[in-house]
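To start, the structure itself, in structure tokens.
Numbering (my numbering), first residue to last: 2 to 334.
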């Protein structure tokens, strides 16, 4: 593992010897290794600024790297892939951004590749066709092992912002009830399993909504398409696309949004649990405003001040109760 890491590191820094270059060429004979090395290169190039300011302990990084790889090893035939995943993880440890750049997991039986984020985390992932995807908290993106060979189809669960690379092959995002066909574009999709709606917002370019038995619907930039899971209906309205992808920059926008919906977003973002007393409080109170804080209690303080609510905390559980009859006020007032 350490030897593989040193070879890749030498190639990236331009210091590889003739022997190291020969070993590297041997590793690149595997298609999976070539794909992952392309991702490593993108990470390396985009993190130049970070590297110029950060120092790292190589020995400590290798120790942590080895521990993580041992946890992931499954079968001998997967050791080259795991080794390269380890190299990527090692580079991220060096750069101090291991929680933000996604490392793929491959299913041994199906051959599918999946990226996933945990509660409270986000990540950026690079697909084999150079498409870039931001994954929000508690989200996953899955595609087949032959992605970009016959088609470019991915399955999204949760929320993602896509910058799709141009190609003659169509790019399809499956979100469960319908597909989104992409024609080279930037757009945001929120498709969490426990949410009542699936929301698709186009920033630029062109996409379409495709559902079996229905005509293809073309979406224009600045349009928000909302799918209601309860009655399987669609609606659209014009919006500011930046507000629907603001989570990439730690921003959260609300427009007369119920506390129930807002609490689900806060739970995912901060990895906490929020309860209401009484239970219907979550639907009775609505909010309009913008959050940018990394501290959940600062956010809840803002809610309390704006609405007359109050909250209490026990470990990672927050309980929100009513304090008076105010039901709607902008945080920005």
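Positions of the beta carbon are idealized from the N, C-alpha and C atoms, including for glycine.
- Query: With 16 other CB atoms within 10 Å as the buried threshold, where does residue 307 fall?
  - Reply: buried
- Query: Among 138, 23 and 143, which one has its Cα closest to the Cα of residue 129?
  - Reply: 143
- Could you please give the first and the last residue of the uninterrupted alpha helix (DSSP H) stretch that includes residue 260? 260-271
- Among 237, 231, 133 and 252, which one has its Cα closest to the Cα of residue 373? The requested residue 373 does not occur in the structure, where the chain is confined to residues 2 to 334.
- Would you list, in sequence order, the uninterrupted beta strand (DSSP E) runs of no fewer than 3 residues that lie entirely inside the region 185-264? 187-192, 198-205, 208-211, 218-220, 224-229, 234-239 and 253-259
- Leaving out five residues on either side along the sequence, give the residues of the same chain with a beta carbon under 6 Å from the beta carbon of residue 98. Per-residue confidence for residue 98 stands at a pLDDT of 47, beneath the threshold of 50, marking its modelled position as unreliable; no derived number is given.
- Item | From 200, 29 and 206, residue whose alpha carbon lies closest to that of residue 246 | 200
- Message: Relative to the C-alpha of residue 228, which candidate in 220, 280, 237 and 135 has its C-alpha closest?
- Response: 237
- What residue range is occupied by the uninterrupted beta strand (DSSP E) comprising residue 125? 124-127
- Message: Can you give me the C-alpha to C-alpha distance between residue 268 and residue 191, rounded to a whole angstrom?
- Response: 15 Å
- Query: Mind checking whether residue 153 and residue 181 have CB atoms under 8 Å apart?
  - Reply: no
- Of all Cβ atoms in chain B, is any one closer than 8 Å to the Cβ of residue 190? No chain B appears in the structure shown, which is made up of a single protein chain.
- Looking at residue 210 and residue 235, is the spacing between their C-beta atoms short of 8 Å? yes
- Task: Could you tell me the boundaries of the alpha helix (DSSP H) in which residue 21 lies?
- Result: 19-28
- Query: Hey, which unbroken runs of the beta strand (DSSP E) at 3 residues or more fall wholly within the region 285-327?
  - Reply: 287-292, 310-315 and 318-323
- Of all the options 139, 39 and 225, which has the alpha carbon lying nearest to the alpha carbon of residue 272? 139
- Message: Below 8 Å on the Cβ atoms is my contact criterion, and I expect residue 282 with residue 321 to pass it. Report the Cβ-Cβ distance as a whole number of Å.
- Response: 7 Å
- Task: Please say whether residue 197 and residue 220 have beta carbons closer to each other than 8 Å?
- Result: no
- Express the C-alpha separation of residue 187 and residue 116 in angstroms, rounding to a whole number. 19 Å
- Residue range of the beta strand (DSSP E) that residue 180 falls in? 180-183
- For residue 119, which residues from the same chain have a beta carbon less than 8 Å from its beta carbon, with the 5 sequence-adjacent residues on both sides left out? 138, 139 and 272
- Item | Span of the beta strand (DSSP E) around residue 143 | 141-144
- Query: So residue 121 packs on residue 136, CB below 8 Å; how close in whole Å?
  - Reply: No, residue 121 and residue 136 are not in contact; Cβ-Cβ is about 13 Å, not under 8 Å.
- Query: Where do the ends of the beta strand (DSSP E) carrying residue 148 lie?
  - Reply: Segment: none, residue 148 is in no beta strand (DSSP E) and carries neither H nor E.
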